[in-house]
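Structure, as structure tokens:
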Amino acid sequence: MKNKRGRKRGDDRLSSLPDDILIRILSHLPLQLAVVSECLSSRWRGLWTHITSINIQTGMSKYYVEFLKEALDDIRSRIVSPFIYSFTFEFLHGVHDTFGPPSLDSWVQQICDRNVRELKLTWRHCCAACDRHKFPSVIFRTRSLVSIELGSTSYWVLPNDCEPINLPNLKILSINLCPPIYDWFEKQIKLCPSLEQLSLKCEICYGNLPGPRIMCSNQNLRLLSINFAPYTINHILVIDAPKIEYLAINAPNLSTFSFATEPVMLREAKIEFELDKVYGLTLDMPLSKSISIVLSVLEMFPVLDVLTLKFNQIDAELDPHSLQKLRRVKDLGRILKRIEIEGHIPSNGRSLGLLFLALIECLLSNAEDLEHFRVNLDAGQSSEYVNVKRNKSVELKLCELLYRCPMKSKGCEVEFVGRCFTMSRKAGPIVKTVKGKVMSFNCSTWKSLLK
Numbered sequence: 001m002k003n004k005r006g007r008k009r010g011d012d013r014l015s016s017l018p019d020d021i022l023i024r025i026l027s028h029l030p031l032q033l034a035v036v037s038e039c040l041s042s043r044w045r046g047l048w049t050h051i052t053s054i055n056i057q058t059g060m061s062k063y064y065v066e067f068l069k070e071a072l073d074d075i076r077s078r079i080v081s082p083f084i085y086s087f088t089f090e091f092l093h094g095v096h097d098t099f100g101p102p103s104l105d106s107w108v109q110q111i112c113d114r115n116v117r118e119l120k121l122t123w124r125h126c127c128a129a130c131d132r133h134k135f136p137s138v139i140f141r142t143r144s145l146v147s148i149e150l151g152s153t154s155y156w157v158l159p160n161d162c163e164p165i166n167l168p169n170l171k172i173l174s175i176n177l178c179p180p181i182y183d184w185f186e187k188q189i190k191l192c193p194s195l196e197q198l199s200l201k202c203e204i205c206y207g208n209l210p211g212p213r214i215m216c217s218n219q220n221l222r223l224l225s226i227n228f229a230p231y232t233i234n235h236i237l238v239i240d241a242p243k244i245e246y247l248a249i250n251a252p253n254l255s256t257f258s259f260a261t262e263p264v265m266l267r268e269a270k271i272e273f274e275l276d277k278v279y280g281l282t283l284d285m286p287l288s289k290s291i292s293i294v295l296s297v298l299e300m301f302p303v304l305d306v307l308t309l310k311f312n313q314i315d316a317e318l319d320p321h322s323l324q325k326l327r328r329v330k331d332l333g334r335i336l337k338r339i340e341i342e343g344h345i346p347s348n349g350r351s352l353g354l355l356f357l358a359l360i361e362c363l364l365s366n367a368e369d370l371e372h373f374r375v376n377l378d379a380g381q382s383s384e385y386v387n388v389k390r391n392k393s394v395e396l397k398l399c400e401l402l403y404r405c406p407m408k409s410k411g412c413e414v415e416f417v418g419r420c421f422t423m424s425r426k427a428g429p430i431v432k433t434v435k436g437k438v439m440s441f442n443c444s445t446w447k448s449l450l451k
């Protein structure tokens, strides 16, 4: 057969495909296009009612949205698929008043009843009056869900009847949070045993009000991405995810960030914040790997006041290259007000590493405004591994270094805390035993203490 221009019409090969393939094709189209496909020919009629993926997008026109709302109510009743693989519902340009929670809840309820695996709800460019949206509470009771994305240019709040999470198969969660939900979220996120990827966008507070403490705790989490709104201040972030491998944090005004447990599997971390707003920093790592990091950190943070160094091994093999770096630095820690070093005496019989001693000497002799310098060798040491005689020797050697080392800061208080002795340089040349006995720091005292 030829058309009016004399050309042969091509065969309709698409319509000749099996129903299963056609339904799969329709499942990848926006719902509106999938529905009108039955206008192509009788072959396509009714196929869209069997789709397993639903993608609904509203337009910009209010009249179009009102029409779509009525049409979707009818469409929802005609979908016969017993299983829905994915459901996407996207609102555009302030249509919340027309297509609000009642319609959304009806859709979500029906979809969740069909064991949906992937759920995505998004608002974009909403008006200021409707920038808070309630979670459809049925989401938290849908055990089949593997992926949830609740995205928006605004934020989500909890419904009044929200129940505890029951999502044993959830692996991926992306959500925008506002303050009322933080406490609930912190408790419930632990109840997702399969969660591997978590993406958060957080709004903390306005003005100069202090932000809350946000705790992200999940034992199987592998990837974590957190984005704080740029106008938020004074927020505290704690991560308890020992299996985390990839971490991304964007927090211009982050107040405090820490790990509750050591992330031993961490491969890549990207943390964005304003360096001129960081006043305190804690580094927890082996001494042998930390010297170059400490030097670079002190150069990058212009207003750093407090530095805490935690070393799980202070008898590291001497690295001549690191030692040379220390000796070349003339202004190390010049702006620091407080330095604290924590570690424990090694149980293998070796004494303190020269690198550890050199670091202490370098910090004391270069910090101009230092007010307090504290060394704690009692931190994290199990009592069953303590060799008292060796501890005495090591601790007294460090006491002598702390007492005799020249200091650039005249009013600095130097403090040592160990298992056998404590020492305060500001109080004079004295060493105090654990039992409270105070002795003058001299050669005879040194020999008597070692007995």
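Numbering (the UniProt record's numbering), first residue to last: 1 to 451. A virtual CB, placed ideally from N, CA and C, is assigned to each residue, including glycine.
- Sequence-distant partners of tyrosine 246 (beyond 5 residues in either direction) whose C-beta falls short of 6 Å from its own C-beta, in its chain, are Leu223, Glu268.
- For secondary structure counted as the alpha helix (DSSP H) over 4 or more consecutive residues, the segment 8-45 holds these complete runs in sequence order: 19-27, 31-36.
- A straight line joining the alpha-carbon of cysteine 405 with that of isoleucine 360 spans about 9 Å.
- Judged by their CB atoms, asparagine 115 and phenylalanine 83 are nearer to each other than the 7 Å cut-off.
- Judged by DSSP secondary structure, isoleucine 335 falls outside any beta strand (DSSP E); it is assigned neither H nor E.
- Across the set Glu400, Phe311, Ile79, Leu167, the C-alpha of Leu167 shows the shortest separation from the C-alpha of glutamate 118.
- For isoleucine 148, same chain residues with a beta-carbon under 6 Å away, outside a window of 5 residues either side, are Leu119, Leu173 in chain order.
- With fewer than 16 other Cβ atoms from the protein chains shown falling within 10 Å of its own Cβ, lysine 187 counts as exposed.
- When the alpha-carbon of tyrosine 403 is set against those of Leu377, Asp378, Phe373, the nearest one is in Phe373.
- Around the Cβ of glutamate 274, a 10 Å sphere holds fewer than 16 other Cβ atoms; the residue is exposed.
- Short of 6 Å from the beta carbon of glutamate 395, and not among the five residues preceding or following it, lie these beta carbons of its own chain, in chain order: Gly418, Cys420, Phe421.
- Asparagine 250 and serine 424 have their C-alpha atoms spaced approximately 41 Å apart.
- Residue state for cysteine 399 is assigned as helix, using DSSP reduced to three classes.
- Taking the Cα positions, serine 365 is about 24 Å away from valine 278.
- Within its own chain, the residues whose Cβ lies closer than 7 Å to the Cβ of leucine 221, once the five positions on either side in sequence are excluded, are Leu195, Glu196, Leu198, Ala241, Lys243, Ile244, listed in chain order.
- Counting other Cβ atoms within 10 Å of its Cβ, threonine 58 reaches 16 or more and is therefore classed as buried.
- Non-local beta-carbon contacts of asparagine 218 in its own chain, meaning distances under 8 Å to residues more than five positions away in sequence, involve Ile189, Lys190, Cys192, Leu195, Leu198, Asp240, Ala241 in chain order.
- With distances taken between CA atoms, valine 146 lies nearest to Ser86 out of Ser86, Leu177, Cys202.
- Its chain contains Cys112 as the residues whose beta carbon lies nearer than 6 Å to that of threonine 142, once the 5 sequence neighbours on both sides are disregarded; these appear in chain order.
- Looking at the backbone, the Cα of lysine 337 and that of aspartate 305 are separated by about 5 Å.
- Annotated three-state conformation of asparagine 218 is coil, per DSSP.
- Less than 7 Å divides the Cβ of tryptophan 48 from the Cβ of alanine 34.
- If you compare the alpha carbons of Ser144, Ala260, Arg213, Ile226 with that of lysine 171, the shortest gap goes to Ser144.
- With a cutoff of 7 Å on beta-carbon distance, valine 238 and methionine 215 are scored as near each other.
- In this structure, Glu371 is the residue among Ser393, Glu371, Arg78 with its C-alpha nearest to the C-alpha of glutamate 415.
- For glutamate 272, the enclosing beta strand (DSSP E) starts and ends at 268-272.
- In this structure, the straight-line span from the alpha carbon of serine 255 to that of leucine 31 is close to 45 Å.
- In this structure, the straight-line span from the alpha carbon of lysine 410 to that of leucine 401 is close to 17 Å.
- When the five nearest sequence neighbours on each side are left out, the beta carbons in the same chain lying within less than 7 Å of the beta carbon of glycine 46 are those of Glu38, in order along the chain.
- A Cβ-Cβ contact shorter than 7 Å links serine 81 with histidine 50.
- CA-to-CA, the gap between serine 77 and threonine 122 works out to about 23 Å.
- In the assembly as shown, proline 136 is a buried residue. Its beta-carbon has 16 or more other beta-carbons within 10 Å.
- Close CB contacts of phenylalanine 228 within its chain, under the 6 Å cut and outside five residues either way in sequence, are with Cys202, Ala251 (chain order).
- The criterion of a C-beta distance shorter than 7 Å is not satisfied by lysine 310 and glutamate 262.
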